[in-house]
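Chemist: Can you keep this structure in mind? I'll have questions shortly.
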Amino acid sequence: PRHLQRYQHLYKELKFEPLVRIASPSIIMESASTSRNNVSSAIDKFSLEIVKQIHDRNPSVVLFHGFSNAGCFTWERIRTLSENDAMVESA
């Protein structure tokens, strides 16, 4: 996305390898009304996909730069799912 390119360039200059993902509005809207008891909502699947992509890169450091409500919702789900390692590993 064009509006995120300046951030991508900045992080590349700082020797980070950016992973840019944007949650669709429908994922964010659904996340406000979905139960958190299992990994079945769209935001959970979206967040797990990000965790898997990060894991595949095997970084020594992870910097999460979230924008707006979508970034906040995504970070909260990644944080919550990551606290439950068994859930992340089984997905």
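So the sequence shown is numbered by the numbering used here: it starts at 6 and just counts up by one. Beta carbons: idealized from backbone N, C-alpha and C, even for Gly. Values in this document were obtained by computation on a predicted structure and should not be read as measured data.
Measuring only the C-alpha atoms, how far is Arg-7 from His-14?
Modeler: Within the sequence shown, residue 7 is the residue found at index 2, counting from 1. Within the sequence shown, residue 14 is the residue found at index 9, counting from 1. Arg-7 and His-14: Cα-Cα distance of roughly 11 Å.
Chemist: Would Ser-52 pass as a contact of Arg-82 if the rule is Cβ separation under 7 Å?
Modeler: Looking up residue 52 in the sequence shown gives position 47. Looking up residue 82 in the sequence shown gives position 77. Cβ distance < 7 Å, so Ser-52 and Arg-82 count as in contact.
Chemist: Less than 7 Å between the C-beta atoms of Ser-36 and Ile-55, yes or no?
Modeler: Start at 1 with the first residue of the sequence shown, and residue 36 comes out as number 31. Start at 1 with the first residue of the sequence shown, and residue 55 comes out as number 50. Not in contact: Ser-36 and Ile-55 (Cβ atoms no closer than 7 Å).
Chemist: Just to confirm my understanding: we take Ala-28, look at its own chain, exclude 5 residues before and 5 after, and list those with CB closer than 6 Å. What are they?
Modeler: Position 23 of the sequence shown, counting from 1, holds the residue named residue 28. These residues qualify, in order along the chain: Phe-51, Ala-75 and Thr-79.
Chemist: Using the C-alpha atoms, what's the distance from Gly-71 back to Ile-59?
Modeler: Taking the sequence shown and counting its residues from 1, the one referred to as residue 59 is at position 54. Taking the sequence shown and counting its residues from 1, the one referred to as residue 71 is at position 66. Approximately 15 Å between the Cα atoms of the pair.
Chemist: Closest to Tyr-12 by C-alpha separation, out of Ser-38, Asn-89 and Leu-68, would be which residue?
Modeler: By 1-based counting over the sequence shown, the position of residue 12 is 7. Closest by alpha carbon: Leu-68.
Chemist: With Gly-76 as the anchor, note down where its alpha helix (DSSP H) starts and where it stops.
Modeler: Numbered from its first residue, the sequence shown carries residue 76 at position 71. Looking at the DSSP string, the run of the alpha helix (DSSP H) that includes Gly-76 is 73 to 88.
Chemist: Please return the same chain residues whose Cβ sits closer than 7 Å to the Cβ of Glu-22, not counting the five positions on each side in sequence.
Modeler: Locating residue 22 in the sequence shown gives position 17, counting from the first residue. If we look at Glu-22 and ignore the five residues flanking it on each side, its Cβ neighbours are Arg-62.
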